[in-house]
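J.:
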Amino acid sequence: MTASPVRLDIQDEELGELIRFARGRRLLVDHWEGNFGCGGIASGDVFLRWEAVDAPRDGRLIPATGLEPVNAWVRPEIAELMGQGVFMVAIRGRGPFRKPILLLVKPRAWLEYLGNVPLGA
Numbered sequence: 005m006t007a008s009p010v011r012l013d014i015q016d017e018e019l020g021e022l023i024r025f026a027r028g029r030r031l032l033v034d035h036w037e038g039n040f041g042c043g044g045i046a047s048g049d050v051f052l053r054w055e056a057v058d059a060p061r062d063g064r065l066i067p068a069t070g071l072e073p074v075n076a077w078v079r080p081e082i083a084e085l086m087g088q089g090v091f092m093v094a095i096r097g098r099g100p101f102r103k104p105i106l107l108l109v110k111p112r113a114w115l116e117y118l119g120n121v122p123l124g125a
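Using the working numbering, the letters of the sequence shown map in sequence onto residues 5 to 125.
1) For Leu31 and Asn120, what's the separation of their Cα atoms in angstroms?
2) Sorted by chain position, which residues of the same chain lie with C-beta nearer than 8 Å to Asp34's C-beta, five sequence neighbours on each side aside?
3) If you count every other CB in all the chains shown that lies within 10 Å of the CB of Ala46, and 16 or more means buried, which is it?
4) Among Ala68, Leu115, Ala56, whose alpha-carbon lies nearest the alpha-carbon of Ile14?
5) Is Arg98 closer than 9 Å to Ile105 when the C-beta atoms are compared?
6) When the Cα atoms are used, what is the spatial distance from Met111 to Ile82?
7) Take the Cβ of Trp36 as the centre, count every other Cβ of all protein chains shown within 10 Å, and call the residue buried at 16 or more, exposed below.
8) Let me confirm a value: Val90 is counted as buried when at least 16 other C-beta atoms fall within 10 Å, else exposed. Which label applies?
9) Indicate the three-state DSSP secondary structure (helix, strand or coil) for Ala94 in the structure shown.
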């Protein structure tokens, strides 16, 4: 069973640039958790990464809409947040440092999410 798609937002004027960055690759919205010290979560970074379209795809990933024709997927642990519009895809930086990133649009929802993650998860 595949979960319902999650909508990701991007400014219309930046979608063309995102398509150029994709170069046929799959975009993944991923989440990193670091356990340090007594098992508490020290960080919960959400980030974008690219993957070759022909690479095996994790079957748990949830499809994302809103970035078409870019093929985008979201890690299930953060899919609900993405669907609530907590993050937005944006293109930032200058020159060779320009790249797609996730902007935190609703910081309170993100902090609440991090506060509810069980310690040692």
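Built from N, CA and C at the ideal position, the CB exists for glycine as well.
What you are looking at is a predicted structure, and each value in this text was computed from that prediction instead of being measured.
T.: So, to answer that:
1) Answer to the nearest angstrom: the Cα atoms are 27 Å apart.
2) Excluding residues up to 5 positions away in sequence, Val50, Phe51, Leu52, Arg53, Arg79 lie with their Cβ nearer than 8 Å to the Cβ of Asp34 in the same chain.
3) Since pLDDT at Ala46 reaches only 49, below the 50 mark, its modelled position is unreliable, and no value is offered.
4) It is Ala68.
5) One thing to note: Ile105 has its Cβ no nearer than 9 Å to the Cβ of Arg98.
6) Before going on, a small fix: residue 111 reads as Pro here, not Met. Those two C-alpha atoms are separated by around 14 Å.
7) The residue is exposed, with fewer than 16 neighbouring Cβ atoms inside 10 Å.
8) By the neighbour-count rule (16 or more Cβ atoms within 10 Å), Val90 is buried.
9) For Ala94, the secondary structure class from DSSP, reduced to helix, strand or coil, is strand.
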